[in-house]
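Trainee:
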Amino acid sequence: MSEAGLIVTNAHVVSSTNAVSGRQQLKVQLQNGDTYEATIKDIDKKSDIATIKIHPKKKLPALQLGQSADLRPGEFVVAIGSPFALQNTVTTGIVSTAQRDGKELGLRDSDMDYIQTDAIINYGNSGGPLVNLDGEVIGINTLKVAAGISFAIPSDRITRFLTEFQDKHVKGRASRAGGAGHCASRGSCPPCWVPPLTPDWPRGPEPQPLSDLPPPPHFMAMCTPHPSRPAGDL
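Residue numbers for the sequence shown follow numbering that gives the first Met the number 0, beginning at 0 and rising by one.
Right, dumping it as structure tokens:
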């Protein structure tokens, strides 16, 4: 979760069959008991990742996203969640593999690898963080097959999700403001944002490469899951 109230969780925690990004209203309760209205910001049901936004009165503590590519079998991890509505329950385990193909789990349309651990997760763990011993979030707890066989979405996939949707929002703003720039060649020209034309153009702001824009907030949240879709019984 970012200090400004952007929360990353599972799509199945916040969505229903008729959910529309930005329209469905939710409630988020923080550890101190404060409750806020939340709005779905971005959602990808295929990868089962979503972001929601609250507007807290002050900055919130946040966990940093780590790099799941650095995970190795045998590493210790910590799963945090609210199984059976028992808030902030912590279980520990080790990583079995950081690259369990979703198709091995019966997810035929999956294009994603999962982190497999033996940390115990249950109904209510969905969307909670999987944390390494450095305190970095390296996954979102998502699925379980049986006790001790649990799966999390890797943090690198979360980073990719955040980056893709941020780029989409930036391009949308650029389109509304002045349009996206186009390369005259087919080479590796970086995309840029073109400001709206004004009477003093081209003395206005310089085009800004998307790569120079601020990175997405790399944070995770611990939020109460949707009761109709628990931590992943397949």
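Backbone N, C-alpha and C define an ideal beta-carbon position, used for all residues, glycine too.
Going by other Cβ atoms of all chains shown within 10 Å of its Cβ, with 16 needed for buried, is residue 145 buried or exposed?
Mentor: Exposed, by the Cβ-count rule.
Trainee: Look at the Cβ atom of residue 128, then the Cβ atom of residue 79, and state whether they are nearer than 7 Å.
Mentor: A contact, by the Cβ cut-off of 7 Å.
Trainee: With a 10 Å radius around its C-beta and 16 neighbouring C-beta atoms as the bar for buried, classify residue 47 as buried or exposed.
Mentor: That one is buried.
Trainee: Roughly how many angstroms separate the alpha carbons of residue 99 and residue 1, rounded to a whole number?
Mentor: Each residue's Cα considered, the two are about 29 Å apart.
Trainee: Just the Cα atoms here: how many angstroms apart are residue 28 and residue 71?
Mentor: Approximately 34 Å, taken between the alpha carbons.
Trainee: Based on the DSSP output, what are the partners of residue 265 in its beta bridges?
Mentor: There is no way to answer for residue 265, as the model of the chain reaches only from 0 to 233.
Trainee: Flag this pair as touching only if the segment 156-172 and the segment 84-103 have three or more C-beta atom pairs under 8 Å; answer yes or no.
Mentor: Judged by Cβ distances under 8 Å, the segment 156-172 makes no contact with the segment 84-103, as fewer than three pairs qualify.
Trainee: Would you identify the three-state DSSP class for residue 29, choosing helix, strand or coil?
Mentor: Of the three classes helix, strand and coil, the one that applies to residue 29 here is coil, per DSSP.
Trainee: Note down the Cα distance separating residue 61 from residue 4, rounded to an integer number of angstroms.
Mentor: The straight-line gap from Cα to Cα measures roughly 9 Å.
Trainee: Can you tell me the Cα-Cα spacing of residue 134 and residue 69, whole angstroms?
Mentor: The alpha-carbon atoms of residue 134 and residue 69 are separated by roughly 14 Å.
Trainee: Specify, as a first and last residue, the run of the beta strand (DSSP E) that residue 37 falls within.
Mentor: Residues 34-43.
Trainee: May I ask you to list the residues that DSSP assigns as paired with residue 140?
Mentor: In the DSSP output, where bridge partners are listed per residue, residue 140 has 151.
Trainee: Suppose you measure from the CA of residue 8 to the CA of residue 124; what does that come to, to the nearest Å?
Mentor: About 11 Å.
Trainee: Assuming contact is defined by CB atoms lying nearer than 7 Å, are residue 51 and residue 12 in contact in what I supplied?
Mentor: Going by C-beta atoms, residue 51 is not nearer than 7 Å to residue 12.
Trainee: Taking 7 Å as the cut-off, decide whether the C-beta atoms of residue 150 and residue 122 are in contact.
Mentor: Their beta carbons are not under 7 Å apart, which means residue 150 does not touch residue 122 by this criterion.
Trainee: Which residues bound the alpha helix (DSSP H) around residue 10?
Mentor: Taken as a continuous stretch (DSSP letters only), the alpha helix (DSSP H) holding residue 10 covers 10-13.
Trainee: Hey, out of 6, 155, 95, 166, whose CA is closest to residue 111's CA?
Mentor: Ranking 6, 155, 95, 166 by Cα distance to residue 111 puts 155 first.
Trainee: On the DSSP bridge list, what partners appear for residue 156?
Mentor: Answer is none; residue 156 lacks a bridge partner.
Trainee: Evaluate residue 132 with the Cβ neighbour count: other Cβ atoms within 10 Å of its Cβ, from every protein chain shown; 16 or more gives buried, anything less gives exposed.
Mentor: By the neighbour-count rule (16 or more Cβ atoms within 10 Å), residue 132 is not buried but exposed.
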